[in-house]
Amino acid sequence: MRIVFMGTPDFAVPCLQRLYDKGNDVCAVFCQPDKPQGRKMVMTAPPVKQKAVELGIPVCQPATLKTDESFEILERLSPDLIVVVAYGKILPQRVLELPRYGCINIHASLLPELRGAAPIQWAVINGLEETGVTSMQMNAGLDTGDILLTSKVKIGENETSEELWNRLSLLAPDVLEKTLEELEAGTLNPVKQDDLASTYAPLLSKEISAIDWNTDCTAVHNKIRGLYSWPCALTFINGKKIKLLKSVKCPQINGKPGQIVDSDGKLIIACKTGAVEIFTLQAEGKKAMSAADYLRGNPVEKGVIIQGGSL
Numbered sequence: 016m017r018i019v020f021m022g023t024p025d026f027a028v029p030c031l032q033r034l035y036d037k038g039n040d041v042c043a044v045f046c047q048p049d050k051p052q053g054r055k056m057v058m059t060a061p062p063v064k065q066k067a068v069e070l071g072i073p074v075c076q077p078a079t080l081k082t083d084e085s086f087e088i089l090e091r092l093s094p095d096l097i098v099v100v101a102y103g104k105i106l107p108q109r110v111l112e113l114p115r116y117g118c119i120n121i122h123a124s125l126l127p128e129l130r131g132a133a134p135i136q137w138a139v140i141n142g143l144e145e146t147g148v149t150s151m152q153m154n155a156g157l158d159t160g161d162i163l164l165t166s167k168v169k170i171g172e173n174e175t176s177e178e179l180w181n182r183l184s185l186l187a188p189d190v191l192e193k194t195l196e197e198l199e200a201g202t203l204n205p206v207k208q209d210d211l212a213s214t215y216a217p218l219l220s221k222e223i224s225a226i227d228w229n230t231d232c233t234a235v236h237n238k239i240r241g242l243y244s245w246p247c248a249l250t251f252i253n254g255k256k257i258k259l260l261k262s263v264k265c266p267q268i269n270g271k272p273g274q275i276v277d278s279d280g281k282l283i284i285a286c287k288t289g290a291v292e293i294f295t296l297q298a299e300g301k302k303a304m305s306a307a308d309y310l311r312g313n314p315v316e317k318g319v320i321i322q323g324g325s326l
């Protein structure tokens, strides 16, 4: 099958690798343009481009697919199918209609739950107990196309969104491979989504980083692990901006919201109900470290009430 692959971040790399390994004719890879990264703002190719170059697959990086130029490139490629995995751009209707088999998207949620750009992170922030990967026949809506196949996984109580991201990225190729097998065999049974059951997973931003200690310990813990490793949950301790990276719930410990319940070799902070113990944190301008190491150099008085973060 002649396939154009569209994807950008490292999440999509295993799917591209699986298509290649299974002998599909991946005639081109489309990904977002290179972007400056790091403190020195070095122009860096996205992970999918790096993998495509390694595999010897031609790469296209248009700023948009809405131009005639982009469409003409796709027309010349004449794909049987377009596979989309975390591409990050909208596909116009004429692109959706171009391939013989249309366009199939691999989405990291159990649709119709968590349509949108950040389903993995919001699954954790929202405290879901399970999520998964869905293959979908794309249409003009935002993750609204017919469901083809799904695969479910449990979310660990202390699992971060980064850990879940890595797990789902390895599950996605299995879902893709099975979808293509059934597509070619003509055995797919598309199921329309229930729009009334849909939820939305918007892009993350630094504006949502602030911890509200006047919520219960489960919500605080879920936010800390859901926002790891970007943009990270944020609070202030002794006037210093602190990113909270790893935590566990302590539902049996209580105090006033934001109160330092324990700072003797460990850092436990009370919430509206229960508390959280912070294992790993990062002070502004510093490297990530254990809470114990931080407290050795930055003592925090027990009983002090801290404030949530703001940028």
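Quick note: the sequence shown uses my numbering, first residue 16, plus one each step. Just so you know, even glycine gets a beta-carbon here, dropped at the ideal spot from N, CA and C. The model shown is predicted, which means the values in this text are computed figures rather than measured ones.
Cross-strand partners of residue i (DSSP beta bridge)
{"i": "M21", "result": "F45 and V99"}
{"i": "P314", "result": "Beta-bridge pairing links P314 to no other residue."}
{"i": "K193", "result": "None; K193 has no bridge partner."}
{"i": "I5", "result": "Past the boundaries of the shown model lies residue 5; the chain is included only from 16 to 326, so the question cannot be answered."}
{"i": "T59", "result": "K50"}
{"i": "D83", "result": "BP columns for D83 are empty, so no partner."}
{"i": "I88", "result": "In DSSP, I88 forms no bridge with anything."}
{"i": "K258", "result": "L249 and Q297"}
Reference residue i, options the options, closest by Cα
{"i": "P117", "options": "A123, L125 and Q108", "result": "Residue identity differs from the one stated: residue 117 is Gly in this sequence, not Pro. Out of A123, L125 and Q108, Q108 has the C-alpha closest to the C-alpha of G117."}
{"i": "G38", "options": "A132, W245, E196 and R130", "result": "E196"}
{"i": "P314", "options": "S278, E199 and T82", "result": "S278"}
{"i": "L282", "options": "I320, G171 and V44", "result": "I320"}
{"i": "V139", "options": "A234, F20, E299 and T250", "result": "A234"}
{"i": "A67", "options": "H122, M21 and I88", "result": "M21"}
{"i": "L157", "options": "A101, K256 and E172", "result": "A101"}
{"i": "P73", "options": "D40, D209 and M151", "result": "D40"}
{"i": "L96", "options": "A225, L191 and V276", "result": "L191"}
{"i": "E291", "options": "P266, L310 and F86", "result": "The residue asked about is misnamed: residue 291 is Val in this sequence, not Glu. Of the candidates P266, L310 and F86, the one whose C-alpha sits nearest the C-alpha of V291 is P266."}
{"i": "T175", "options": "A307, T202, N141 and V206", "result": "N141"}
{"i": "A155", "options": "N120, K169, R115 and M56", "result": "N120"}
{"i": "L296", "options": "T250, T79 and S85", "result": "T250"}
{"i": "L259", "options": "T79, Y35, G241 and P94", "result": "G241"}
{"i": "E145", "options": "E172, S224, V57 and L211", "result": "E172"}
{"i": "Q274", "options": "A285, S150, I88 and N204", "result": "A285"}
Residues near residue i in its chain [Cβ-Cβ closer than 8 Å; skip 5 each side]
{"i": "P29", "result": "S184, L185, A187 and P188"}
DSSP-derived helix/strand/coil call for residue i
{"i": "A187", "result": "helix"}
{"i": "P77", "result": "coil"}
{"i": "S213", "result": "coil"}
{"i": "I72", "result": "coil"}
{"i": "P107", "result": "coil"}
{"i": "N154", "result": "coil"}
{"i": "K66", "result": "helix"}
{"i": "C30", "result": "helix"}
{"i": "E145", "result": "strand"}
{"i": "Q208", "result": "coil"}
{"i": "V319", "result": "coil"}
{"i": "I140", "result": "helix"}
{"i": "R130", "result": "strand"}
{"i": "N327", "result": "Since the first and last residues shown for the chain are 16 and 326, residue 327 lies out of range."}
{"i": "L218", "result": "coil"}
{"i": "I135", "result": "helix"}
{"i": "I170", "result": "coil"}
{"i": "M16", "result": "coil"}
Cβ of residue i within 9 Å of any chain B Cβ
{"i": "P114", "result": "Considering every chain present, this structure includes no chain B. It has just one protein chain."}
7 Å Cβ shell around residue i - same chain, five flanking residues per side excluded
{"i": "K193", "result": "L164"}
{"i": "V206", "result": "D161 and I162"}
{"i": "R33", "result": "P188, L191 and E192"}
{"i": "I252", "result": "V315 and I321"}
Residues of its chain near residue i, where Cβ-Cβ distance is below 6 Å and the 5 sequence neighbours each way are ignored
{"i": "K287", "result": "N229, T230, D231 and P272"}
{"i": "P77", "result": "S85"}
{"i": "K64", "result": "C46 and V74"}
{"i": "A216", "result": "L129, G131, A133, P134 and W137"}
Which full runs of the beta strand (DSSP E) of 3+ residues lie inside the segment 220-254, going along the chain? 248-252
Which complete beta strand (DSSP E) runs does the segment 260-316 hold, if anything under 3 residues is left out? 275-277, 282-285 and 290-298
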